Amino acid sequence: MISSAELASLEAKLCDFNASNRKLALKEFHAQFSSGKLEAKPATQEHNMHCHSFFSYNGYGFSPSRIACWARREGLFAAGLVDFDVLDGVDEFIAAAKILDLRFSCGIETRVFIPELAAHEINSPGEPGIAYHTGVGFSSSAIPEQERKFLGGLKNNAAARTRFIVDRVNPFLAPASIDFEREVLSLTPSGNATERHVCAAYEKKAAALFPELSKRAAFWAEKLGLTALDAEKTVKDSVKLQGLIRAKTMKSGGPGYVKADPKSFPALLDFNAFVRKSGAIPTIAWLNGESSGEADIKRLFEIHEAAGAAAINIIPDRNWDFPDPAVRDKKVRELHRIINAAKERSLPIIVGTEMNAPGQKFIDGFSAEPLMPFLNDFIDGAAIMFAHTLLEPMGLGYLSDWAAAEFSSRPAKNKFFAAFGRNTTPVGFSQKRLEITKESLHRQAIAMA
C-alpha cells in the first residue's frame, strides 16, 4: 500500500492547474489502483451526479480527474460532472472515468430567464423569472460551431457579471481591494471565476494586509457588521468568513449586488436548444419547493417540458437534513412531493450534492429515511444519463430520433436506458462497441417490453 504522504502528494497532483501534470497523476493513480496498492471500497449503489469541479468552483479544489479518482476509490455506482457556464472539464472527466471504468455523465449549469414565470421567484432567491437550469449528458466538449458561440456567450456574460461585482465591492472593502486579473483569475485553471473565487481572493488579501489576527478581526468586524467577539471567531473559520463576505457584499442589500436583468440571461428555450443541439438533455433544477414559481409543480413541469426538458436534478441534502423537526418535516414533504410528481411524469431524477462550497457532503445519505424509498429511482436516473452519454454519439441517445421511433412511451424508454446503464460500464461498453447497433438495441428493447 502507498503511504498517506504519497497519497496526499498524488491527490495534490490530480488537482494541479497544469493539464499535463494531471494526466500524469491520473496515469499514476490508475497504476496504483490497478495493482491494489490503493485501498478502495467495494462497489456500492451510492453516487453523486452533480459535482462541480475547479473549472467553475469546487469547495475542495477538485479537478475533474480528482473527482473521478475519488469516486472510484469510494466504490460509487456513478459520478457526474456539472460546471457553471463551461464545458471545460468534460473531456478530462470522461477520459478519467473511462480509464477507471467509472459510470459517468457531464453537464452544464447556468441561469436562464423563463418568461412564463417572470413575476415569480423560482429557484434563484430574490430574482423573479430567473432560474438555475442544467443540461446533462454531454459526450464531448466538441459541440457544433453555432453552439460553441452560444457557450462562449455564457462564459463571457458570467465573467462580465463577476468583474462588475468586484468593481462595486472593491471600494467598500478598501484597503483590501483586489485586482481581478491578478488575484481572482489566478485562482482558476481556465479563467471562469465565480463569486466564491472572489470571496477567497478578498479573504487572502485581508490576511496579507493584516497578518495580526486582532487587526484582521477588527477589519472584518467593521466591514461585515460583526461584533469583535464574532469577528475573532469568524476569521478563524474560512468557510464561514467567505460565506459572510458573499452574503454581506454580493447578495441583496450589499454593495456588489446587481438586480437580475432578464436580458443578461439566455431564455429557457434558447438554452434548451443549445443543450439539445449539443447532444445533451435539458434538465430542470429544483431548489426546495418554497417559492411561488416552484409551489405549483404541475405548472412548473408543464412550462419546462413544453420548452424541451426531459429530466430533473435535485439536491436532496439541503432538503431533509435539519435538526429542527418542524423544519425537517416541511422540507421532506416538499422533497417527496417533487420526487413523486416527477415519477408520475416518468421524468428521470438525478441527484447529487454539488460540492461547490466547502462543507458540502461528498455523497448523499441514501440510507436516511427520507431518501431510502427512492434510491432505485435515483440509480435509474444515473444509469439513464450514463447510457445516453454512451449511445448519443451513435445517434441512439435518449432524445434521438431512434429513441422516439423505438419506444411508444417514456416509461418504456426509461426502462431500457436504465437497464442499459446499470448493466454496463465504460470498459464493458468499449469491448462490445462494435456489436451495438440499432438492430441489436431493438432486440433488447423488444425483449424488455
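Each residue of the sequence shown is one higher than the one before, counting from 0 in numbering that gives the first Met the number 0.
By construction, the Cβ of each residue, glycine as well, lies at the ideal position given by its N, Cα and C atoms.
All of these numbers come straight from a predicted model, not from anything done at the bench.
- In the three-state reduction of the DSSP assignment, S104 falls in the strand class, which pools E and B.
- For A130, the enclosing beta strand (DSSP E) covers residues 129-135.
- Apart from sequence neighbours up to five positions away, the residues of its chain that approach V89 with a beta-carbon distance below 6 Å are C105, F137, S140, ordered along the chain.
- Under the DSSP assignment, V81 falls in the beta strand (DSSP E) whose first and last residues are 77-83.
- Under the three-state reduction of DSSP, W219 is assigned to helix.
- With fewer than 16 other Cβ atoms inside 10 Å of its own Cβ, G427 counts as exposed.
- One Cα belongs to T233, the other to A279, and the distance between them is close to 42 Å.
- For R72 against K40, the beta-carbon gap comes to about 7 Å, under 8 Å, which counts as contact.
- Between I362 and I348, the C-beta gap is not smaller than 8 Å, which leaves the two residues out of contact.
- With a 10 Å radius around the Cβ and a threshold of 16 neighbouring Cβ atoms, E434 comes out exposed.
- Taking C-alpha positions only, F112 is separated from K204 by approximately 35 Å.
- Excluding the 5 residues flanking it on each side, T133 has same chain C-beta neighbours closer than 6 Å at G106, E108, T282, A284, N312, in chain order.
- Between R332 and the set G79, L370, A96, the nearest pair of CA atoms involves L370.
- Distance from the CA of A173 to the CA of K214, rounded to the nearest whole angstrom, comes to 14 Å.
- At a Cβ-Cβ threshold of 8 Å, S52 and L13 do not count as neighbours.
- With three or more CB-CB distances shorter than 8 Å, the region 412-428 counts as touching the region 378-397.
- If only uninterrupted beta strand (DSSP E) runs of at least 3 residues are considered, those enclosed by the region 11-97 are 46-50, 77-83.
- As a beta-bridge residue in DSSP terms, F112 pairs with I129, A266.
- For N155, the three-state secondary structure derived from DSSP is helix.
- For F373, the closest of G358, K342, E353, L395 by C-alpha to C-alpha distance is K342.
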